[in-house]
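**Q** Before we start, here is the structure in question, set down as structure tokens.
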Amino acid sequence: MDPMTALTPSALTAAAVRAHLTTHTIGRTLHLLEETMSTNATALALAQAGAEHGTVIAAETQTAGRGRLGRRWFSPGGENLYCSVILTEIPASPRWLSWLPLISAVAVASAVRMSSGLAAVLKWPNDVLLNDRKVGGVLCERSGLSAKGGVVPGGVVIVGIGLNVNTLRAAFPEDLRDLATSLAIEAGRRFDRAALLASLLNALEARCDLYADRASEVEDEYRSLCATVGRRVRVELAGGERLEGRATAVLEDGTLRIAGDGPESPVLALHTADVIHLR
Ligand code: BT5
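Start counting the sequence shown at 244; every next residue gets the next number (our numbering).
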């Protein structure tokens, strides 16, 4: 049988996800939607209405899936994972807040590795790559409001994860065809999305728990998965300015250190930026 058709794409069901879930909180309340504009927007609204820590919203398709900095996330129906995790109980420390997107990317890469055996790596800050193409992305959004409109410690953080699972090359829009990939494209077979979603949530809870006890272990796991360090990169800075140089380290606050080319060039620590890996 053709491995691409061996597993008929099936709808995500809560029962199928739960069968693989080993978490205590994340995903124990799970809302599966047929369609929404953005699971992050839905999750923010639910969080403000009092949804509990660990609640997960996943959708078969998004009509306005969002990326960082106002960009869009291509979200075709029935093939991939689009999910958002509501976190209300994370410490309000700057270290947690700046590392959470990176920790989440570690969880995605580790779930991909465990489920497929493919060597997922990270591009700073939180792109998940297979063979230099983007297979997943993370968008963390914060709101300082609790159900009653008061500020809660650390507020609410939504961890939004998009992972291309079964989309085939021809189904990507032309502008993404050379930049994006999916597990199916890389592995030559389809994947069970329910098992993958559970594995992703299991990995996220494990990393958050470990971060609470031994933060530097998870930070080092990020560094070991991050393919940006040591690479030559081009950076698009705010205001459209560009810099070329070498990424030398991910620092304690999660920023990326870049040494610009040439003796006069600056050494920068980037908080948010788009980094392009150069050959
Ligand atoms: C991200 O943004 O990578 C974060 C994406 C997070 C999406 C999830 S889906 C569930 C949750 N709900 C939401 O509404 N969002 C989250 P960024 O680093 O800005 O990357 C966006 C860029 O990636 C786009 O400008 C495209 O170039 C590219 N892109 C868009 N869709 C893609 C896809 N499906 N696969 C790979 N690359 C894509």
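All C-beta atoms in this analysis are idealised placements derived from N, C-alpha and C, irrespective of residue type, glycine included. Computed from a predicted model, the values in this text were never measured in an experiment.
Is there contact between the stretch 373-383 and the stretch 347-356, where contact requires at least three CB pairs shorter than 8 Å?
**A** yes
**Q** Give the C-beta separation of residue 328 and residue 399 to the nearest angstrom, bearing in mind that I take them to be a contact with Cβ-Cβ under 8 Å.
**A** Not quite, the Cβ-Cβ distance comes to about 11 Å (not below 8 Å), so this is no contact.
**Q** Taking buried to mean at least 16 other C-beta atoms within 10 Å of its own C-beta, is residue 460 buried or exposed?
**A** With fewer than 16 other Cβ atoms within 10 Å, it is exposed.
**Q** State the start and end residues of the unbroken alpha helix (DSSP H) segment that holds residue 351.
**A** 337-359
**Q** Would you mind reading off the limits of the alpha helix (DSSP H) that contains residue 269?
**A** It is not in any alpha helix (DSSP H) - residue 269 carries neither H nor E in the DSSP assignment.
**Q** Kindly confirm or deny that the stretch 455-470 and the stretch 420-432 touch, where touching means at least three C-beta pairs closer than 8 Å.
**A** no
**Q** Which value, in whole angstroms, describes the spacing of the CA atoms of residue 333 and residue 506?
**A** 42 Å
**Q** Do residue 278 and residue 306 come within 8 Å of each other at the CB atom, strictly closer than that value?
**A** Contact: yes.
**Q** Tell me whether residue 321, by its Cβ, gets closer than 7 Å to a heavy atom of ligand 1.
**A** No, since every heavy atom of ligand 1 falls outside the 7 Å radius drawn around the Cβ of residue 321.
**Q** Among 269, 373 and 280, which residue has its Cα nearest to the Cα of residue 296?
**A** 269
**Q** Taking Cβ to Cβ, would you say residue 422 is nearer than 8 Å to residue 376?
**A** yes
**Q** What does a CB cutoff of less than 6 Å around residue 426 pick up in its chain, not counting 5 residues either side in sequence?
**A** 359, 408 and 434
**Q** Below 8 Å on the Cβ atoms is my guess for residue 282 versus residue 325; work out the distance and round it to an integer in Å.
**A** Confirmed, about 5 Å.
**Q** Measuring CB atoms only, is the stretch 360-373 touching the stretch 484-499, in the sense that at least three cross pairs come out at less than 8 Å?
**A** yes
**Q** So what's residue 333 in DSSP terms, helix, strand or just coil?
**A** coil
**Q** Among 316, 481 and 487, which residue has its Cα nearest to the Cα of residue 502?
**A** 487
**Q** Mind checking which residues open and close the beta strand (DSSP E) that includes residue 479?
**A** 475-479
**Q** Straight-line CA distance for residue 393 to residue 387?
**A** With a pLDDT of only 46 at residue 393, under 50, the local geometry of the prediction cannot be trusted, and the value read off the model is given with reservation. Going by the C-alpha atoms only, they are around 8 Å apart.
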